[in-house]
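Novice:
There are 2 protein chains.
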Amino acid sequence: MSLIVQKYGGTSVGTPERIRNVASRILETREAGHRVVAVVSAMAGVTDNLLKLAAEVTGDGRPTEREMDVLLSTGEQTTIALTAMALNSMGASAISLTGAQAGIETDGVHTKARISNITPSEVHRMLDEGHIVILAGFQGRTPEGRITTLGRGGSDLTAIAMAAAVDADLCQIYTDVDGVYTCDPRVVPDAKKIEEISYDEMLEMASSGSKVMQSRAVEFAKKFGVRFEVRSSLNRNPGTLVCEENMSMESVVIRGVSLEKKQAKVTIEGVRDEPGVAGRIFGAVSDANLIVDMIVQNVSKTGITDISFTVNEADLGKAKEVLAPVLAELGPDASIEAESGIAKLSVVGIGMRSHSGVAAQMFAALADAGINIQMISTSEIKITVTVSEAQIDEAARVMHKAFGLSGEVAVAS
Amino acid sequence: MSLIVQKYGGTSVGTPERIRNVASRILETREAGHRVVAVVSAMAGVTDNLLKLAAEVTGDGRPTEREMDVLLSTGEQTTIALTAMALNSMGASAISLTGAQAGIETDGVHTKARISNITPSEVHRMLDEGHIVILAGFQGRTPEGRITTLGRGGSDLTAIAMAAAVDADLCQIYTDVDGVYTCDPRVVPDAKKIEEISYDEMLEMASSGSKVMQSRAVEFAKKFGVRFEVRSSLNRNPGTLVCEENMSMESVVIRGVSLEKKQAKVTIEGVRDEPGVAGRIFGAVSDANLIVDMIVQNVSKTGITDISFTVNEADLGKAKEVLAPVLAELGPDASIEAESGIAKLSVVGIGMRSHSGVAAQMFAALADAGINIQMISTSEIKITVTVSEAQIDEAARVMHKAFGLSGEVAVAS
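Those protein sequences? They're chains D and Z, same order as listed. Note that the working numbering has the first sequence beginning at 448, numbered continuously upward. Note that the working numbering has the second sequence beginning at 448, numbered continuously upward.
Rendered as structure tokens:
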């Protein structure tokens, strides 16, 4: 009898009817002879309603984060009770546990706590008594008993962390897509579902805009070696298995292509090339809670250099604002230039480590299609470029084809 | 610096705006130099929505009671977070505590648990640190950590039990009426607010239909000697103080008149007057979860007697149904007679213990007004009669005047 941890997101449990569907799937797993721990999120829309209430009672003020966690955690608590009831009404024996009851201990950083320890004795006891355990995602408690929430992607993290703590045989992340695709099917119609992907590839795909899961949960899975499957709660299709890389994975040069639109580029020109300059720039940006991606700086020949980076288009105004007072410190001729309407394109694959020429092949294919590359940044298993947003869809299709992901032209140098 | 426990019901916290009003009142108390523990209920309507969700996910089935408690307790948890946030946004320092966090321990009877113990160390710690404590009413936890709810009137009970546990100087129950009245002002326009009432009188008023509070919370207050004030959250009027009886109370013969409409009378005639008969009748009724009030049996001369009792009109059909199979056991000539459209009228006062003739005065006044009495039942400090529902309002006005409650004619025999 194997032990399976499942996770169902807010859309999957968004209505009473969907909760019954989820309950049926859980029951099926149970009836196939497995022990089941099912992690559920708040019903879609519930969290937004709670945030609205919080805004209303506090006027213009900022709700206390400690109380925000007490408030938001009711969302998952509602779902666990309803899911357990639904299962029990179907003749199963299900028990709900909040994060605190399940022994999920966190630090005290409210609204974005980190799991520090899991004591799964209550989960084991319930499983041993023959119950299906329905566990609240996204939440935990501090050693002193305060309620905490884990922030974005928290329910995935709960599932993966609990799978590690109880040494589950399998962890299944149910979502509204069939798995991880070689590219966004809305952009590349012949994108294919990936059967198996390594943690590192999944992380690079996620950080490049393929938001099937938050990076945080994937990082946790990698750290503790938790194999998990991403699959749809709406059909019976097999999903994508995320696991340690293995030999066969290397034979594929590029696992997938990811894209991220609505980006903007900021270039600071005429910057003195000396220690501390980059720190001042990105310190100011990070103090404003802006997320910076792709940072590019070229070697300087004259002691004066340019630094470029990308931000979300919506953050561009704020970025210019916080950098204005810093400009004077950077050099007498420092100036700032900003451009919106750009997009990021990445090719990801652990296979590129053992194949040279991937970058050259990428740039050549884009050039052949008449697509101009603005910035380039690389990691060991990813190459990212920025292009004009108007050309990003075409660029993705070109990449998808160039690296044989459509199953038409397989190319490896 | 005195310690005050306040309780605000579901209507008082029914909207974000009302929560802000409640927060203002709590803050006022704090700024007057008191330490405050405020117990809050679920926002009006929230519990009904949760019950509806539970019904939907379970189809026709009955939701598991353990899970019902996990579900319902989210209602108060939402209110404590919102109330604490509202206070913090006003510059106060407030901390929310769930029943479990506040050390409210109960037995394991889900949906109607009893408080078995309170360990208020966390409440004390928060108060000592200078916080206002916002406590979830209606809920607790078992020693094993399961979430429980206290059933109807549970938030009043939480407030009174916590007031006892922390040895509060005052407990204030805020509601949507100004206090306890000598009679229902909708029936008797010159009914007056009672300044001070004993626990026993309050209990008798409650059990006779004046549902300002559930009897259960009053019983608890009596047992532990918790003085409390019932007052309105909508204005600044002083309320009614509920406390131990004192000498001055005895000078008032009748404290108040209470009435309860929509009652029905069931009479079982031709019953053998032997041990076990009443047990069989009321066993059957109680197995069906019907609440029986006023039970009247007269002495028998022939070995055959009649037994009458009242039930809520809505339960009459069910009562007849469950009694039908019992009838044959009661005697060869046993028959059942039922009558709806009746009402109960009670006069309550600890003063009647030291005054004879109260019953005679009551019956005479009703007779003078042409009101026929159907059943009579008395306790040490209460006399209850049933009359036709069509005459109950008039009967209440007659009583109110006869016992000088309107301040016109003071009569004592």
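Glycine included, each C-beta is placed from N, C-alpha and C at the ideal position. Note that this is a predicted model, so its numbers are computed, not measured.
What are the residues in the segment 572-604 of chain Z lying within 7 Å of chain D by C-beta distance?
Specialist: Against chain D - using a Cβ distance shorter than 7 Å - the residues of the segment 572-604 of chain Z are Gly-592.
Novice: Check this for me: beta carbons of D/Cys-630 and D/Gly-686, under 8 Å apart or not?
Specialist: In the first sequence, the residue the question calls residue 630 of chain D occupies position 183. In the first sequence, the residue the question calls residue 686 of chain D occupies position 239. Cβ distance not < 8 Å, so D/Cys-630 and D/Gly-686 don't count as in contact.
Novice: What residues from chain D crowd round Z/Gln-548, counting only those whose CB sits closer than 7 Å?
Specialist: Here the question's residue 548 of chain Z lines up with position 101 in the second sequence. Neighbours of Z/Gln-548 on chain D, chain order: Gly-592.
Novice: From D/Tyr-455 to D/Gln-661, what distance separates their C-alpha atoms?
Specialist: Taking the first residue of the first sequence as position 1, residue 455 of chain D is located at position 8. Taking the first residue of the first sequence as position 1, residue 661 of chain D is located at position 214. Going by the C-alpha atoms only, they are around 15 Å apart.
Novice: Quick one: list the residues of chain Z neighbouring D/Asn-819, beta-carbon separation under 8 Å, in chain order.
Specialist: The sequence position of residue 819 of chain D within the first sequence is 372, counting from 1. What D/Asn-819 touches in chain Z: nothing, since even the nearest Cβ is about 50 Å away.
Novice: Once DSSP output is grouped into helix, strand and coil, what is the label at Z/Phe-810?
Specialist: As a working note, residue 810 of chain Z is residue 363 in the second sequence. DSSP places Z/Phe-810 in helix when its eight states are reduced to three.
Novice: Tell me the rounded alpha-carbon separation between Z/Ser-793 and Z/Gly-778.
Specialist: Stepping through the second sequence from its first residue, residue 793 of chain Z is reached at position 346. Stepping through the second sequence from its first residue, residue 778 of chain Z is reached at position 331. Their Cα atoms are separated by approximately 33 Å.
Novice: So within the segment 453-501 of chain Z, which uninterrupted alpha helix (DSSP H) runs reach at least 4 residues, ignoring any that extend past its ends?
Specialist: List check, alpha helix (DSSP H) in window: 463-478.
Novice: Using a Cβ-Cβ cutoff of less than 7 Å, which residues in the same chain neighbour D/Ala-531 once the five nearest sequence positions on both sides are dropped?
Specialist: Working through the first sequence from its first residue, we reach residue 531 of chain D at position 84. Counting only Cβ-Cβ distances below 7 Å, and skipping sequence neighbours, we find Ala-541, Ile-542, Ser-543, Ile-581.
Novice: For D/Gly-506, go through chain Z and note every residue whose CB falls closer than 7 Å to its CB, in chain order.
Specialist: Mapped onto the first sequence, residue 506 of chain D falls at position 59. Chain Z residues near D/Gly-506: Ser-536.
Novice: Based on the DSSP output, what are the partners of Z/Val-834 in its beta bridges?
Specialist: Your numbering for residue 834 of chain Z matches position 387 in the second sequence. Answer is Z/Ala-790, bridged to Z/Val-834.
Novice: I'd like to know whether the C-beta atoms of Z/Gly-600 and Z/Ala-664 end up nearer to each other than 8 Å.
Specialist: For the purposes of this step, residue 600 of chain Z is identified with residue 153 of the second sequence, where counting begins at 1. For the purposes of this step, residue 664 of chain Z is identified with residue 217 of the second sequence, where counting begins at 1. Going by C-beta atoms, Z/Gly-600 is nearer than 8 Å to Z/Ala-664.
Novice: For the segment 462-474 of chain D, enumerate the residues whose C-beta is nearer than 7 Å to any C-beta of chain Z, in chain order.
Specialist: Going along the segment 462-474 of chain D in chain order, one finds Pro-463, Ile-466, Arg-467 with a Cβ nearer than 7 Å to chain Z.
Novice: Terminal residues of the continuous alpha helix (DSSP H) containing D/Val-718?
Specialist: Locating residue 718 of chain D in the first sequence gives position 271, counting from the first residue. That residue, D/Val-718, is in no alpha helix (DSSP H); its beta strand (DSSP E) goes 703-719.
Novice: Quick one: what's Z/Glu-552 bridged to in DSSP?
Specialist: Within the second sequence, residue 552 of chain Z is the residue found at index 105, counting from 1. Z/Glu-552 pairs with Z/Asn-564, Z/Arg-588.
Novice: Does the beta carbon of Z/Val-517 sit closer than 8 Å to a beta carbon anywhere in chain D?
Specialist: Position 70 of the second sequence, counted from the first residue, corresponds to residue 517 of chain Z. Output row for Z/Val-517: interface = yes.
Novice: When you compare the CB of D/Met-696 with every CB in chain Z, is at least one pair closer than 8 Å?
Specialist: The sequence position of residue 696 of chain D within the first sequence is 249, counting from 1. No, its Cβ sits nowhere closer than 8 Å to a Cβ of chain Z.
Novice: Verify whether the separation of the beta carbon atoms of Z/Phe-667 and Z/Ile-620 is less than 8 Å.
Specialist: Taking the second sequence and counting its residues from 1, the one referred to as residue 667 of chain Z is at position 220. Taking the second sequence and counting its residues from 1, the one referred to as residue 620 of chain Z is at position 173. Contact flag unset, no.
Novice: Mapping the DSSP letters down to three states, classify D/Val-805 as helix, strand or coil.
Specialist: Looking up residue 805 of chain D in the first sequence gives position 358. Residue state, collapsed to three classes: helix.
Novice: Can you give me the C-alpha to C-alpha distance between D/Glu-716 and D/Tyr-646, rounded to a whole angstrom?
Specialist: As a working mapping, residue 716 of chain D is identified with position 269 in the first sequence. As a working mapping, residue 646 of chain D is identified with position 199 in the first sequence. Their Cα atoms are separated by approximately 37 Å.
Novice: What does a CB cutoff of less than 7 Å around Z/Ala-608 pick up in its chain, not counting 5 residues either side in sequence?
Specialist: Walking along the second sequence from the start, residue 608 of chain Z turns up at place 161. Excluding positions up to five away in sequence, the list reads Ile-562, Ile-565, Phe-667.
Novice: Just to confirm my understanding: we take D/Leu-529, look at its own chain, exclude 5 residues before and 5 after, and list those with CB closer than 6 Å. What are they?
Specialist: The residue you call residue 529 of chain D lines up with position 82 of the first sequence. Answer for D/Leu-529: Ile-466, listed in chain order.
Novice: So which residues on chain D does Z/Glu-478 lean against when the C-beta distance must stay under 8 Å?
Specialist: Your numbering for residue 478 of chain Z matches position 31 in the second sequence. Per Cβ cutoff of 8 Å: no residues; Z/Glu-478 is ~18 Å from chain D at best.
Novice: Is DSSP giving Z/Thr-595 helix, strand or coil here?
Specialist: Residue numbering aside, residue 595 of chain Z sits at position 148 when the second sequence is read from its first letter. Looking at Z/Thr-595 - three-state DSSP - the assignment turns out to be strand.
Novice: Run the CB neighbour count on Z/Val-746, radius 10 Å, all protein chains shown included, and call it buried at 16 or more, exposed below.
Specialist: Here residue 746 of chain Z refers to the residue found at position 299 of the second sequence. It counts as exposed.
Novice: By how many angstroms is the C-alpha of Z/Gln-838 removed from the C-alpha of Z/Cys-690?
Specialist: Start at 1 with the first residue of the second sequence, and residue 690 of chain Z comes out as number 243. Start at 1 with the first residue of the second sequence, and residue 838 of chain Z comes out as number 391. Each residue's alpha carbon lies about 33 Å from the other.
Novice: How far does the alpha helix (DSSP H) with D/Ala-725 in it reach, from first residue to last?
Specialist: Working through the first sequence from its first residue, we reach residue 725 of chain D at position 278. Run containing D/Ala-725: 724-734, per the alpha helix (DSSP H) assignment.
Novice: Using a Cβ-Cβ cut-off of 6 Å (strictly less than) and excluding sequence neighbours within five positions of Z/Glu-475, which residues of its own chain qualify?
Specialist: Counting from one through the second sequence, the residue named residue 475 of chain Z turns up at place 28. No residues qualify anywhere along the chain.
Novice: Quick check on the burial criterion: 16 or more other C-beta atoms within 10 angstroms. Buried or exposed for Z/Ile-738?
Specialist: Here residue 738 of chain Z is taken as the residue at index 291 of the second sequence, counted from 1. By the neighbour-count rule (16 or more Cβ atoms within 10 Å), Z/Ile-738 is not buried but exposed.
Novice: When you compare each of D/His-481, D/Ser-803, D/Gly-750 to D/Asp-575 by their alpha carbons, which one comes out closest?
Specialist: Working through the first sequence from its first residue, we reach residue 575 of chain D at position 128. Of the candidates D/His-481, D/Ser-803, D/Gly-750, the one whose C-alpha sits nearest the C-alpha of D/Asp-575 is D/His-481.
Novice: Counting only the same chain and skipping the five closest in sequence on each side, list residues whose C-beta sits under 7 Å from that of Z/Gly-457.
Specialist: On the second sequence, position 10 is the one that residue 457 of chain Z refers to. Cβ neighbours of Z/Gly-457 beyond the five flanking positions: Ser-488, Ala-489, Met-490, Ala-491.
Novice: Using a Cβ-Cβ cutoff of less than 6 Å, which residues in the same chain neighbour D/Thr-833 once the five nearest sequence positions on both sides are dropped?
Specialist: What you label residue 833 of chain D is simply residue 386 of the first sequence in a count that begins at 1. Hits under 6 Å: Ile-789, Lys-791, Gln-821, Met-822.
Novice: Does any C-beta atom of chain D lie closer than 8 Å to the C-beta of Z/Ala-528?
Specialist: Against the second sequence, residue 528 of chain Z aligns to sequence position 81. Yes, Z/Ala-528 counts as interfacial toward chain D.
Novice: Report the residue from D/Gly-672, D/Glu-569, D/His-557, D/Arg-593 whose alpha carbon sits nearest the alpha carbon of Z/Met-573.
Specialist: As a position in the second sequence, residue 573 of chain Z is number 126, starting the count at 1. Checked all of D/Gly-672, D/Glu-569, D/His-557, D/Arg-593; the closest Cα to Z/Met-573 is D/Arg-593.
Novice: Using the three-state DSSP reduction, which class does D/Gly-828 fall into: helix, strand or coil?
Specialist: Working through the first sequence from its first residue, we reach residue 828 of chain D at position 381. Here the sequence assigns Ile to residue 828 of chain D, which means Gly is not the residue at that position. The answer is coil: DSSP assigns D/Ile-828 none of H, G, I, E or B.
Novice: Quick one, are the C-beta atoms of D/Glu-648 and D/Ser-801 less than 8 Å apart?
Specialist: The residue you call residue 648 of chain D lines up with position 201 of the first sequence. The residue you call residue 801 of chain D lines up with position 354 of the first sequence. No, the Cβ-Cβ distance between D/Glu-648 and D/Ser-801 is not below 8 Å.
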